[in-house]
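K.L.:
Here it is: the structure, laid out below.
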Amino acid sequence: MNPPDRIAEFVSALRDAFADGSLIRLKCGGYHGDEAELKSVEARKVSIKAGERLSFVFRYKTRDITKNLTLDEAAGFCEYGLANAWRSARLETTGFDLQFERQGDKQRLKRTEADGRAAPEGSHDRAKNRPLSDISAVWLHALGITGKDGQVRNDAQDKFRQINKMVEIFAPLIQGLKAEKPTILDMGAGKGYLDFALYDHLQAQGRNAQIIGVELRPALVASGNALAQKSGFAGLRFETGSILDFDASNADAVIALHACDTATDDAIFRGIEAGAGLIAVAPCCHKQIRREMSAGTADDRLDFLLRHGTFMEKQAEMVTDGLRALLLEAHGYRTRVFEFVSDAHTPKNNLIVAQKGKAASRQSVLDRITAVKAMFGIDKHYLEGLLGL
Ligand SMILES: C[S@@+](CC[C@H](N)C(=O)[O-])C[C@H]1O[C@@H](n2cnc3c(N)ncnc32)[C@H](O)[C@@H]1O
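Here you go:
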């Protein structure tokens, strides 16, 4: 009589737990296969655009690589791997744990009841509706979004909401770009939250893209590059330098989130100059136009507003961004300005999205810009100077 096939039983339990939503985690250890430095692998169920998958994180000595597999691919991985490369495997579900062990030809399978465990987040509808549905990603942990327990940290909920929202907005805009493998520049990338999120999401959607984060601070660039490598994100990299010094001529999209004061204008300028199909900026602090408005002479009829500091502040912000939108329109872009997230999460919540295409007549837009500047007592918007106007 043949011995019971423990691997088949294990795989069958994996299939059932995947199907009924009770799967928490699959883990394999005791690796003795051909891949150098591979230590262990862990998988959780995720919902991505392409459908439900098992997100496998392959842990190597110095890096992690994430791959999303279909259930059939995951079953094939277990069937071959448990027979040939992994000496142990553990399946954790909401109802029981299954521990597989192999020594030579001997296989053992032990089931331990674990009633009443909560279903994992990846199987909830809420997670399905979020672009970043795989919260086990290495980069989310490294950037402090998820904690040791693998869940989004309480103090990172706003950041997580923001980057999900950004990905939700940017992904379709990038899908719409003509280039087969668009180059996306993130100007003033900081730690690169958006870049990791966007790259992860586009990769899961099967959209090829190259993302380059441009950042003044070398330490952030070094840590970003190390994390991109650890995540297996070959098309994501960071470069040290200032926005204005960066050669953006190959850019299909230029993005800048909360780049300081006029750094936003530097990014817009580089995007216009490159003829990028998409330019999207979420401005941060606004100082230049505020100074111009204070020094200049605005239309008397605005005095009832501008004599109050708080209204002056708000007006300066709106005028700065309104003029940015007009200057983009004067260069052949259609623009939209909207709040990308509620101001309860961040006061810097406006996004200017500009797409190259049929726009208003250049002269009529330039005339409007002249009229607006006269109304608010502005000599020149910093972006005009960059554009040689
Ligand atoms: C407020 S942080 C925002 C970081 C990131 N975009 C985000 O939203 O998480 C602004 C970043 O822009 C960088 N920065 C400011 N001016 C820059 C410039 N002219 N060139 C390159 N980076 C710049 C700063 O070093 C900083 O890391």
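Under our numbering, residues 3 to 391 are what the sequence shown spells out, in order. Heads up, the beta-carbon is just placed ideally off N, CA and C, and yes, glycines get one too. In this text, all values refer to a predicted model and were calculated from it rather than measured experimentally.
#1: Under 8 Å: does the beta carbon of residue 375 sit that close to some heavy atom of ligand 1?
#2: In or out: residue 130 buried (at least 16 other Cβ within 10 Å) or exposed?
#3: In or out: residue 215 buried (at least 16 other Cβ within 10 Å) or exposed?
#4: Quick one: Cα of residue 127 to Cα of residue 96, how far?
#5: At what residues does the beta strand (DSSP E) containing residue 100 begin and finish?
#6: Please state the DSSP three-state secondary structure of residue 365.
#7: Determine the extent of the alpha helix (DSSP H) in which residue 8 is found, giving its start and end residues.
#8: Write down the C-beta distance between residue 354 and residue 339 rounded to the nearest angstrom, noting that I regard them as a contact closer than 8 Å.
#9: Among the candidates 274, 132, 82 and 77, whose CA atom is the shortest distance from the CA of residue 51?
#10: Check whether the Cβ of residue 30 lies closer than 8 Å to any heavy atom of ligand 1, and answer yes or no.
#11: Give a yes or no on whether 9 Å exceeds the smallest Cβ distance from residue 36 to chain D.
#12: Could you tell me the distance, in whole angstroms, from the CA atom of residue 141 to the CA atom of residue 63?
#13: So, for residue 58: in the same chain, excluding its five sequence neighbours on each side, which residues have a beta-carbon less than 8 Å away from its beta-carbon?
#14: Does the distance from the C-beta atom of residue 29 to that of residue 92 stay below 9 Å?
#15: Alpha carbon to alpha carbon, how far is residue 124 from residue 363?
#16: With DSSP collapsed to three states, give me the class of residue 150.
#17: Short check: CB of residue 200 to CB of residue 280, under 9 Å?
#18: Should residue 266 be labelled buried (16 or more other beta-carbon atoms within 10 Å of its own) or exposed?
#19: According to the neighbour-count rule (16 or more other Cβ atoms, all chains shown, within 10 Å of its Cβ), is residue 359 buried or exposed?
#20: For the beta strand (DSSP E) containing residue 30, list its first residue and its last residue.
#21: When the Cα atoms are used, what is the spatial distance from residue 189 to residue 259?
#22: Cβ of residue 291 within 9 Å of Cβ of residue 268?
#23: What residues in its chain sit with their C-beta under 7 Å from that of residue 11, if we drop five residues either side in the sequence?
#24: For residue 5, which residues in the same chain have their Cβ closer than 7 Å to its Cβ, ignoring the five residues on either side in sequence?
#25: With 16 other CB atoms within 10 Å as the buried threshold, where does residue 296 fall?
#26: What residue does the alpha helix (DSSP H) around residue 238 start on, and which one ends it?
#27: Suppose the cutoff is 6 Å on Cβ atoms and the five residues either side in sequence are ignored; what does the same chain contact list for residue 101 look like?
#28: If contact is defined by three or more beta carbon pairs under 8 Å, each pair taking one atom from either stretch, is the segment 376 to 387 in contact with the segment 315 to 326?
#29: Given that a residue counts as buried once 16 or more other Cβ atoms are within 10 Å of its Cβ, and exposed if not, what is residue 264?
#30: Going by DSSP, name the residue or residues bridged to residue 189.
#31: Would you report the Cα separation of residue 83 and residue 66, rounded to the nearest angstrom?
#32: Where do the N-terminal and C-terminal ends of the alpha helix (DSSP H) with residue 235 fall, by residue?
#33: Any heavy atom of ligand 1 within a distance shorter than 8 Å of the CB on residue 244?
#34: With a 10 Å radius around its C-beta and 16 neighbouring C-beta atoms as the bar for buried, classify residue 162 as buried or exposed.
#35: May I ask you to check if the CB of residue 216 is nearer than 8 Å to at least one heavy atom of ligand 1?
#36: Which one of 239, 272 and 242 has the shortest CA to CA distance from residue 252?
P.N.:
With the given structure in hand:
#1: Closer than 8 Å to some heavy atom of ligand 1: that does not describe the Cβ of residue 375.
#2: Residue confidence for residue 130 is low, a pLDDT of 46 falling below 50, so the modelled location carries little weight; the figure read from the coordinates is stated next. Burial is judged here by how many other beta carbons sit within 10 angstroms of a residue's own beta carbon; residue 130 has fewer than 16 and is exposed.
#3: buried
#4: Bear in mind that the predicted position of residue 127 carries a pLDDT of just 40, short of 50, making it unreliable; the figure below should be weighed with that in mind. Cα to Cα, the separation comes out at about 17 Å.
#5: Here the beta strand (DSSP E) through residue 100 covers 98 to 105.
#6: helix
#7: Note, residue 8: alpha helix (DSSP H), 8 to 22.
#8: At roughly 5 Å, the Cβ-Cβ gap stays under 8 Å, so residue 354 and residue 339 are in contact.
#9: It is 132 whose Cα lies nearest to the Cα of residue 51.
#10: no
#11: Looking at the structure shown, chain D is missing, and only one protein chain is on hand.
#12: 16 Å
#13: 43, 44, 45, 68, 69, 70, 71, 76 and 79
#14: yes
#15: Residue placement at residue 124 is poorly supported in this model, since its pLDDT is 48, which falls under 50; the coordinates are not used for a value here.
#16: coil
#17: no
#18: buried
#19: exposed
#20: 25 to 33 is the extent of the beta strand (DSSP E) around residue 30.
#21: Approximately 8 Å, taken between the alpha carbons.
#22: no
#23: 111
#24: none
#25: exposed
#26: Counted as a single uninterrupted DSSP element, the stretch harbouring residue 238 is not any alpha helix (DSSP H) but the beta strand (DSSP E) occupying residues 238 to 242.
#27: 92 and 112
#28: yes
#29: buried
#30: 216
#31: Distance between the alpha carbons of residue 83 and residue 66: 18 Å.
#32: Unbroken run through residue 235: none, as it is neither H nor E.
#33: yes
#34: buried
#35: yes
#36: 272
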